[in-house]
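2 protein chains.
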Amino acid sequence: MTSLDRLITLFSKLPGIGKKSATRIAYFILKSDAAVAKGLADAMIDLKQTIRPCRVCGNYSEQDICGVCSDRRRDQSVICVVEQPQDVAVLEASHEYNGLYHVLNGVLAPLDGVGPEQLNIAKLVSRVRNGEVAEIILATNPTVEGDTTALYIHTLFKESQVRVSRLALGLPVGGDLEYADKLTLARSLRGRTNF
Amino acid sequence: MTSLDRLITLFSKLPGIGKKSATRIAYFILKSDAAVAKGLADAMIDLKQTIRPCRVCGNYSEQDICGVCSDRRRDQSVICVVEQPQDVAVLEASHEYNGLYHVLNGVLAPLDGVGPEQLNIAKLVSRVRNGEVAEIILATNPTVEGDTTALYIHTLFKESQVRVSRLALGLPVGGDLEYADKLTLARSLRGRTNF
Chain R
417 MTSLDRLITL
427 FSKLPGIGKK
437 SATRIAYFIL
447 KSDAAVAKGL
457 ADAMIDLKQT
467 IRPCRVCGNY
477 SEQDICGVCS
487 DRRRDQSVIC
497 VVEQPQDVAV
507 LEASHEYNGL
517 YHVLNGVLAP
527 LDGVGPEQLN
537 IAKLVSRVRN
547 GEVAEIILAT
557 NPTVEGDTTA
567 LYIHTLFKES
577 QVRVSRLALG
587 LPVGGDLEYA
597 DKLTLARSLR
607 GRTNF
Chain X
417 MTSLDRLITL
427 FSKLPGIGKK
437 SATRIAYFIL
447 KSDAAVAKGL
457 ADAMIDLKQT
467 IRPCRVCGNY
477 SEQDICGVCS
487 DRRRDQSVIC
497 VVEQPQDVAV
507 LEASHEYNGL
517 YHVLNGVLAP
527 LDGVGPEQLN
537 IAKLVSRVRN
547 GEVAEIILAT
557 NPTVEGDTTA
567 LYIHTLFKES
577 QVRVSRLALG
587 LPVGGDLEYA
597 DKLTLARSLR
607 GRTNF
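Residue numbers (our numbering), protein chains in the order written: chain R, 417 to 611; chain X, 417 to 611.
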């Protein structure tokens, strides 16, 4: 196996990259200045060395405690629970939310051996118990696993005073009724709001 | 700029990778074992160090002379002229060709300052003059630049005994007349063969 084939194989293991894209990238790197390969290589090694989970919320951070958790201007009374660190980035990009986050690092999947102990749930419970939290927004994905995980977390806080909410389901903005699937349409009807 | 942002920026400069894919890949690397980042980083550095242009044809090779050029079982009387090293890989994958190659490393583009001197053309002329070459297959892309380059090379060998041919143009196999563009259709009509 040549070094070219090896790089193509490794690249095609990355998400969203097939054999063809991997080949294109490998040839691009071959053609480019050595600094391109060096820069990418260094950035990858660097990433793994500098980034670790935030001790409070589990989001990726270059510090021990991430920028959101350490920012006292953020609303300390709301925690938005997400599946993955990248969901935090997506929500932050919307500029719609000013509370805190909690990253579960996955969803409940009993068949794959993922129970509550495998997820970052115990820390969420202790954060809510010891903090000034008034609301938990469950922002897991609207999938079977995401819904199950949300339901499970909901039961944990049933007895507490904390409000537990869920992201609204409905038509995507700019979407088209004609192309909406039945389930989404049903949820957007059920969750209709006053005009 | 965090190390995460830096890696995303670098990844999104690769061909076919946008901001979203780059983000997905960066998070994938973060989540994966450190060996994944290390493996990719090493493979990239390795690639740039081990691969260089073949001294004869200009194709990428780990040796001084590439596997095709040094293989005496290949037909030494035909040279297939391509734009890029990756075109060699594509033609090899078709298992239809058993001759030699010559990589131009680009196409004529006077507006971008690419003349015959900037391409690997002089070496092609000397290969043909000194070798046992009977045919040159021009396999540049069927684009304006590719056609121009092919035409230019054709003129270089007009006076010689060497046959100069061009890849056939026409409908792609499995294609649909309905979706064929006018130019392709015109070329496939003009180049029609007897049944």
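All residues carry an ideal CB built from backbone N, CA and C; glycine is no exception. Since we're looking at a predicted model, the values are computed, not measured.
- Chain X has a Cβ within less than 8 Å of the Cβ of P501 of chain R.
- Taken through DSSP and simplified to helix, strand or coil, A450 of chain X comes out as helix.
- Going by beta carbons, S419 of chain R and L463 of chain X fall inside the 8 Å limit.
- Around the CB of F427 of chain R, 16 or more other CB atoms lie within 10 Å, so the residue is classed as buried.
- For L463 of chain X, the closest Cβ of chain R is nearer than 8 Å.
- Between the stretch 464-478 of chain R and the stretch 433-441 of chain X, the count of Cβ pairs shorter than 8 Å is below three; the stretches do not touch.
- Cβ contact annotation for N514 of chain X (same chain, cutoff 7 Å, sequence separation greater than five): R490, D491, in chain order.
- Against chain X, the CB of P588 of chain R has no partner CB under 8 Å away; the residue lies outside that interface.
- With 16 or more neighbouring CB atoms inside 10 Å of its own CB, D503 of chain R falls in the buried class.
- Among the residues of chain X, those whose CB is under 7 Å from the CB of F444 of chain R are L430, P431, following chain order.
- For R422 of chain X and G529 of chain R, the gap between their C-alpha atoms comes out near 35 Å.
- Neighbours of M460 of chain X in chain R, taken as residues whose beta carbon is under 7 Å from its own, are L423, I445, A453, L456, A457 in chain order.
- V580 of chain X sits close to I552 of chain X, with the two beta carbons spaced by under 8 Å.
- For I467 of chain R, the residues of chain X that pass the 8 Å Cβ criterion are T418, S419, L420, L446, in the order they occur in the chain.
- Within chain X, P431, G432 have C-beta atoms less than 7 Å from the C-beta of R440 of chain R, given in sequence order.
- A Cβ of chain X is located within less than 8 Å of the beta carbon of S437 of chain R.
- When the Cα atoms are used, S604 of chain X and K574 of chain X turn out to be separated by approximately 26 Å.
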